[in-house]
Amino acid sequence: MELKKYKLRQLGEFKNGANYPKGSYGEGDKIVNVKDLFRGRFVDEKSLDELKPGSLKDKTIYQTQDGDILFTRSSLVRSGAGMCAMIHEPSQCILFCGFIIRYRLFNPKEVYPLYLLYLLRSPQYRNLFTGNQQTNITNINQDSLGEIEVALPIDLKGKIDYEKQVQIVSILDDLDNKIALNKRINAKLEQVAKRLYDYWFVQFDFPDKNGKPYKSSGGKMVWNEQLKREIPERWEVKPISEMLKCDIAGDWGEEEKKGNYNYKVNCVRGCDMIDMTSLPTRYILQANSKKLLQADDFIIEISGGSPIQSTGRIVQVTDEIINRFDKKVICSNFCHGIRIAEKDYISYFLQMWNMFYENKVFFNFEGKTSGLKNFQFDTFISQLWVFPPKQLSKQYHEIVSLNRKQIDKSESENQKLISLRDCLLPMLMNGQVEVR
Numbered sequence: 021m022e023l024k025k026y027k028l029r030q031l032g033e034f035k036n037g038a039n040y041p042k043g044s045y046g047e048g049d050k051i052v053n054v055k056d057l058f059r060g061r062f063v064d065e066k067s068l069d070e071l072k073p074g075s076l077k078d079k080t081i082y083q084t085q086d087g088d089i090l091f092t093r094s095s096l097v098r099s100g101a102g103m104c105a106m107i108h109e110p111s112q113c114i115l116f117c118g119f120i121i122r123y124r125l126f127n128p129k130e131v132y133p134l135y136l137l138y139l140l141r142s143p144q145y146r147n148l149f150t151g152n153q154q155t156n157i158t159n160i161n162q163d164s165l166g167e168i169e170v171a172l173p174i175d176l177k178g179k180i181d182y183e184k185q186v187q188i189v190s191i192l193d194d195l196d197n198k199i200a201l202n203k204r205i206n207a208k209l210e211q212v213a214k215r216l217y218d219y220w221f222v223q224f225d226f227p228d229k230n231g232k233p234y235k236s237s238g239g240k241m242v243w244n245e246q247l248k249r250e251i252p253e254r255w256e257v258k259p260i261s262e263m264l265k266c267d268i269a270g271d272w273g274e275e276e277k278k279g280n281y282n283y284k285v286n287c288v289r290g291c292d293m294i295d296m297t298s299l300p301t302r303y304i305l306q307a308n309s310k311k312l313l314q315a316d317d318f319i320i321e322i323s324g325g326s327p328i329q330s331t332g333r334i335v336q337v338t339d340e341i342i343n344r345f346d347k348k349v350i351c352s353n354f355c356h357g358i359r360i361a362e363k364d365y366i367s368y369f370l371q372m373w374n375m376f377y378e379n380k381v382f383f384n385f386e387g388k389t390s391g392l393k394n395f396q397f398d399t400f401i402s403q404l405w406v407f408p409p410k411q412l413s414k415q416y417h418e419i420v421s422l423n424r425k426q427i428d429k430s431e432s433e434n435q436k437l438i439s440l441r442d443c444l445l446p447m448l449m450n451g452q453v454e455v456r
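So this is what it looks like as structure tokens:
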């Protein structure tokens, strides 16, 4: 298969996104923000924020259409530079913000937009944005994007071969559809854990001794003066800190300044919480090896700056992660590492955290664009909370753990599928593997 290189500016045009005043968010037109470009190859219009009518003088110039590719203009971390996603079969008006550059092909019937998207999201092309940066803040513009060269298949007449692009994409698309299916199943399994938590520990309709919903079946409730509400009889109220065994926040030194930091480890930073497939090397004191993470520990990002503004996001450490990095993983000082005192409360703590996170409790919220910047950890753990009987929490943990194992299995499969896709992509596009 013969390939010919074209610069992006030869194939399409660029447009910077819309700027708007504070207070513009509300019910209205959907708008793509930077965080929305890190959720997959296609922009998920269901998860987008909205702008109030009249927020823009002329919204038509910022409207997207099917096949548009959106790039991040700037990122606080190297891994976020130039990330892109595509508008795919939109069902409504979708705008894009000023931190994004829109790329629109001159002729989408000559250059297949999805083929181009796969190229630009591939490891080889991502390295153009992330491989040679010398600073933590990275910026791109229309001129730098326009100079990027992409290789397109050419037919015997020397013209761009559209059908060959479609054939190549069909193989990659099948892999991505399987990955997406696994993610949807995982989301439903996580929803089950969330709904069961709400049913048992918020509505207090956990199974009584007869297997009936406790509160709805007349289970005894008692007034708690500290919480100013009723709770089931014999449930305890204690500070959340009593659920924790220890806070295992990081304590490490840079390689070039290691000095007495002689114990080599892998360090989880905030941006690594998106995808912990690779972690940077750091050094710690041998005496601090007790701070190494274990399976079922939790990592919580406590300061902003990741490409999806994930401050407050929680990740449960798995055996697979620990084993992948030879049991030497530590949490950076941008995160909190938490270990639960009793295993039976692990799933209960996770869902309790997610409930607080979704409702922005104990967070300093600074708007949709800047994201959550600070998490008040000490305030959080000092709060009084309801502790269910250990046996009930254990029962909940056993149910949720089965879901967790299935989720971990699917995530492991997805990592293999992603590796296969990324390995196939350059071979397909260089003609090393033929599509028939």
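Mapping of the sequence shown onto this note's numbering: position 371 corresponds to residue 391, and the numbering continues sequentially without gaps. Glycine included, C-beta positions come from ideal geometry on N, C-alpha and C.
Annotation: the continuous alpha helix (DSSP H) that includes Cys443 extends over 410-449.
The C-beta separation of Leu412 from Phe226 comes to about 6 Å, placing the pair in contact by the 8 Å criterion. If you ignore the 5 residues before and after His417, its C-beta comes within less than 8 Å of the C-beta of Lys363, Asp364, Tyr365, Ile366, Ser367, Tyr368, all in its own chain and listed in chain order. Per DSSP, the continuous alpha helix (DSSP H) segment holding Gln30 begins and ends at 28-31. Annotation: the continuous beta strand (DSSP E) that includes Val335 extends over 334-336. Contact between Phe318 and Ile358 holds: CB atoms are separated by about 4 Å, below the 8 Å threshold. Annotation: Lys258 to Val406 spans about 7 Å, alpha carbon to alpha carbon.
Cβ-Cβ distances below 8 Å link Glu250 to Met241, Val242, Trp243, Asn244 in the same chain, with the five nearest sequence neighbours on each side left out; the list follows chain order.
Using a C-beta cut-off of 8 Å, the region 424-442 makes no contact with the region 127-136, since fewer than three inter-stretch Cβ pairs fall below that distance.
For Met103 against Val63, the beta-carbon gap comes to about 12 Å, at or over 8 Å, which does not count as contact. Here the alpha carbon of Lys198 sits roughly 32 Å from the alpha carbon of Phe34. In the structure shown, Tyr368 adopts helical secondary structure according to DSSP, grouped into three states. Taking C-beta separations shorter than 6 Å and ignoring five residues to either side along the sequence, the partners of Gly48 in its chain run Glu70, Leu71, Lys72, Pro73, following chain order. Put simply, the backbone Cα of Asn308 is about 17 Å away from that of Phe354.
Boundaries of the beta strand (DSSP E) around Gly46: 45-52. Leu313 sits away from Ile360, with the two beta carbons spaced by 8 Å or more.
In the DSSP assignment, Ala101 falls outside any beta strand (DSSP E), carrying neither H nor E. Taking the C-beta atoms as reference points, Gly118 is found nearer than 8 Å to Ala38.
With contacts defined by Cβ atoms closer than 8 Å, Asn159 and Arg215 do not form a contacting pair. The beta carbon of Leu140 sits closer than 6 Å to the beta carbons of Cys104 from its chain, once the five residues preceding and following it are set aside; these are given in chain order. A direct Cα-Cα distance of roughly 9 Å separates Gln223 from Tyr234.
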